Every structure is written in structure tokens, then in C-alpha cells.
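Please read the structure below before turning to the comments.
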Amino acid sequence: MSQITTQNLNGTCIQIEILNEKLIKPSLPTPNHLNSYKLSFFDQIAPNFAVPLLYFYPPVPPENSHLQRDEEVHKQLQNSLSEVLTKFYPLAGRLSEDGTSIECLDQGVIYLEAKVNCQLNEFLDKAYKDSDPVKIFVPPIRIRLAELPNRPMIAIQATMFEHGGLALAVQVVHTLGDGFSGCAITDEWAKVSRMENGDVRNLQFRSDLGEVFPPRDNIFEMIKKGRPRGYEMKIATRFFMFDEIAISKLKENVNKSMSHSSRVEVVTALIWRSLMRVVRLRQGHNRPSILQFAINLRGRGSPKVVGEDQNFFGNFYLDIPIKYVPSHSNQDPELHEIVTLIRNAKNKVLSEIANASSEEIFSILIESLNQIREGYNDDEIDLYPTSSLCRFPLNESDFGWAKPIWVSRVNVPFQMFFLMDSKNGIEARVCLNEDDMIKLEKDVDIVEFSYVPK
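Position one of the sequence shown corresponds to residue 1 (UniProt numbering), numbered consecutively onward.
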């Protein structure tokens, strides 16, 4: 097959050609007793889209003599992927017609071989200035939930740059797993590729999330309608880099008024406060604001309910609404006040989760989701979803010749911000309407504590 896609990148025409499409199946058949993987109620309400992660790798060095040709790299990636699928067997399955389980009959995952007409460094130099073109490396295959029965649930595209280098896109439908699961898949795949694990079936993850938190027949009748702001706007995306020196200054400032704060807490709080300030410039006064904050629940549930080992594969996270109500019409809250607000909201929910039954956790989930949906629909409140992949092993996924130079997500068509680890701090990707983005780039805190990659 041959399919060509083009994208303009700062005046340069980037062209990707799909050379081959393969269906990769598990190297060993999935046992009959694992042919049906039950989804959980967390999986049922996961967003209706795929979650792509893109890993950019440098050229293979000469000492890796067995990987000097593109065909050899593809072969190693495909063979190791086939091995990993024997453990992450739901990835190779298909969603059932009723949407409550995965039929695990080793149907396979899509693997695309591609090439691009530019060099890796040339692309990366421009991608930080205009992040939208990274989407060109994502497999051009729709795997939205409504289209999933009888279709693959994961698609991978390996794109070779001119003169060496690789862009590896791993696109998993959100119904199958959250960010933790997505990172675990690539991390274990990389370990097998560099042959650090002799027996892939010893990889540890629990596949019984749907037994602990079974799916609900009427779940969507309990959830209010609504979606994040920005679909009707023109969204701009910018990177803001917070190096460790800036993060230390922020923590030092915050820790004068409260106990130890984390890297993610202070950067999240600063960005949220800056967004509030942008709204005040636009509206002339402060407005209530909600942060939609994602919490990984692994290790947080009651051992009596969830068990001691909580390393679940799937979606095991909770979005909570954290609401800030301004006490003054034109003054900023102190940064430590925002950090405290985030921490208290998170701790309150986690204390409830720690002793909750499966039914009680379901109630917490539905209540939080409905509060968020109410915020989506209230024009007097600003709401910003956020998520963090900090401390996840994204930058450690070495397939046998090098760790990635850069790991990226794709832009979203609504207002949101993501945090990821960078080589010397935290990278924040902010998606915001264009007019507000102009103000955010000039915000006093953004200018003082972050920088835009050159």
C-alpha cells in the first residue's frame, strides 16, 4: 500500500508516505479462559477517542550492526510487539457489540511502516514552535468508540526520517486504558525489544478491573451531558518549559506557608492562576474557576475491596472538580492558597476512596463527573481539564539503541493543559483559545518562571 499525507510546518511541506500495513498478532495464542476481558465502569465512561503518544528516537548508532536498515528496525519492533501482546492480550482483541467486554481472539493490532521527507532535527527544531504537525505521525486510522466493534483497538505507526531517526506513534483507544496503561504498554514493549525480560508472560499487571468494578447497563443515563470548552473556538497550543531552578523557586515560595509541595502541584497551581488572570483581563473581574484534575487510583483503594496489588491494566483514575471562588473581584490568590485548594480536594476524595466499597466508588465517580459536566454547561464558570504524565517512564522507553529524544502528545480541540517530564524539568502543553493565549504568553508568572523552547 502507499498513502501520502502532507502538512505545512513553518513554510516547509512535510510529507509522510505509508509504505506498508501489517496486522500484528500475539506470538502465543491467548488461553480460552481469557477470551473475554470484562470492561469496568471506569472503562465505560472513558473519553470517546484514542490517546496517541509519540516517541522520537535518534538514528541507530553504528555499533548496533543488526539495526542498520529500516527493515531490520521494523522487524525487531514487530517481533517484540507480538511477544508483548501475549501478556497485554486485550490489545489484540475487539470490542463486543454490547460494549461491556473485549473479545480476545488474537485478532491483532495495526502496525504501519512509513517514511517522511525530512530529517529528525529539522522537524524537532520547528515542532516546538508549531506543535500541531506532530499529528501527521499519528496513524491515519479512526478508532473511535462508536466504530470499534470488529475493528482494531490500537494502531501503531513507525516513521523513518531521512538520514536516520524514528517517530513511533502508539495510539490506544481510551476505552482500553488510561495514561498509566498506555505508558506501561510502551515501556514493556521496549524492554522486550532490548531483551531485558526473558519471559514476557511474567510481566505483572492485573486484568480483573472489570470484576472488581463491573460494567453498568444504565450508566450513561446517570451522567449529564456536556463537553469541554473550545470546540467552537479557534484553539492555539503553546509549550511552556519549567526548569528545575524555576520549580525549586516556586516550591520554596509555597513551602513558606504550607508543608512540602510537589513539582506537579506548584506548576499546576501557577498555570491555573495565570489562566484566571487572563480571564480577569478579558472580563474585567475575577470569575469562579474549576480545575478538572485527574487522579491515578492505583494504590489508593481499600485492600479489602481492591486487593493488595492494585497494578490494574485499564482505566483506573478519577477526574475531580476543584473549584476556586474568588473573594476579591480584582486580586490574585496567593500561590500557596491554590496549592492548598488542590491538595485538600485531592486528599478529601482519596480519604473517601481508601475505605469505600465498589458501589461507593461508583457513586463518587458519577457525582464527580456530573459536577464537571455542570461546569461545562455554566457560562459563568471557567473550567480547565488537566492531566499529568510526570513520573511516568515515558523517557525511559529504549527499544535497543537509545532512549527517546522527545515524547509528545497531540493537541486537542478544546481548552486543556498537560504536564510531562522534560530533560530538566516539566513541559506544559497548553491548549487555549487564540485571544486568551496571546494574554497568557505575556502573563507575569509565565514570563518569570517558564520559557518557550527555541
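Just so it is clear, CB atoms sit at the ideal spot from N, CA and C, and this is done for glycine as well. If you're wondering where the values come from, they're calculated on a predicted model, not measured in any experiment.
Please say whether C390 and G230 have beta carbons closer to each other than 9 Å? no
Contact check, Y376 vs L275, beta carbons under 9 Å: no
Identify which residue in R280, F56, R409, P61 has its Cα closest to the Cα of D443. R280
Going by alpha carbons, who is nearest to R216 out of S259, F42, L341, P58? F42
Simplified DSSP state of F239, which is helix, strand or coil: strand
Extract the residue ranges of the beta strand (DSSP E) inside the segment 145-215, only unbroken runs of 3 or more that lie entirely within it. 154-160, 166-173
Check whether the segment 31-41 touches the segment 121-131, taking contact to mean three or more Cβ pairs, one atom from each stretch, closer than 8 Å. no
So, using beta-carbon positions, are I381 and S259 closer together than 9 Å? no
Quick one: grab the DSSP three-state call for K225. coil
Which of helix, strand or coil does DSSP assign to P385? strand
Residues bridged to Q310 [DSSP beta-bridge criterion]: DSSP, once it has assigned bridges, lists no residue as partnering Q310.
Examine the Cβ distances between the segment 341-351 and the segment 391-406 and report whether three or more of them are shorter than 8 Å. no
Measure the CB-CB distance between residue 480 and Q78 and report whether it falls below 9 Å. Here the chain has residues from 1 to 454 only, and residue 480 is not among them.
Taking 9 Å as the CB-CB cut-off, is I361 touching chain C? Chain labels in this structure do not include chain C; a single protein chain is all it has.
Would you say G210 and L39 are within 9 Å of each other, going by their C-beta atoms? yes
What is the DSSP secondary structure of P90, counted as helix, strand or coil? helix
Opening and closing residue of the alpha helix (DSSP H) in which M416 lies: Per DSSP, M416 belongs to no alpha helix (DSSP H); it is in the beta strand (DSSP E), 416-422.
What first and last residue would you give for the beta strand (DSSP E) that runs through A402? From DSSP, A402 is part of no beta strand (DSSP E); its letter is neither H nor E.
Alpha carbon of V73 to alpha carbon of L67, nearest angstrom: 5 Å
Starting from G425, trace the alpha helix (DSSP H) both ways and give me its first and last residue. Premise fails: G425 lies in the beta strand (DSSP E), 425-433, not in any alpha helix (DSSP H).
Could you pull the DSSP bridge partners for E17 from this structure? I4, K115
Cβ atoms of L168 and I154: under 9 Å apart, would you say? no
Below 8 Å, how does it come out for the segment 85-93 and the segment 420-434: are there three or more Cβ pairs, yes or no? no
Less than 9 Å between the C-beta atoms of V134 and S387, yes or no? no
Leaving out five residues before and five after G198 in sequence, what residues of the same chain have Cβ atoms less than 8 Å from its Cβ? Unreliable positioning characterises G198 in this predicted model, as indicated by a pLDDT of 44, which lies under 50. A coordinate reading is not provided.
Starting from the C-beta of P404, find all residues in its chain whose C-beta is less than 7 Å away, skip the five residues before and the five after it, and write them out in chain order. Y55, F56, Y57, N395, S397
Measuring CB atoms only, is the segment 411-419 touching the segment 354-369, in the sense that at least three cross pairs come out at less than 8 Å? no
For V172 and G182, what's the separation of their Cα atoms in angstroms? 7 Å
For P152 and I446, what's the separation of their Cα atoms in angstroms? 41 Å
Would you tell me roughly how many angstroms separate the C-alpha atoms of N424 and A402, rounded to the nearest one? 18 Å
I need the boundaries of the alpha helix (DSSP H) containing I338, first residue and last residue. 335-354
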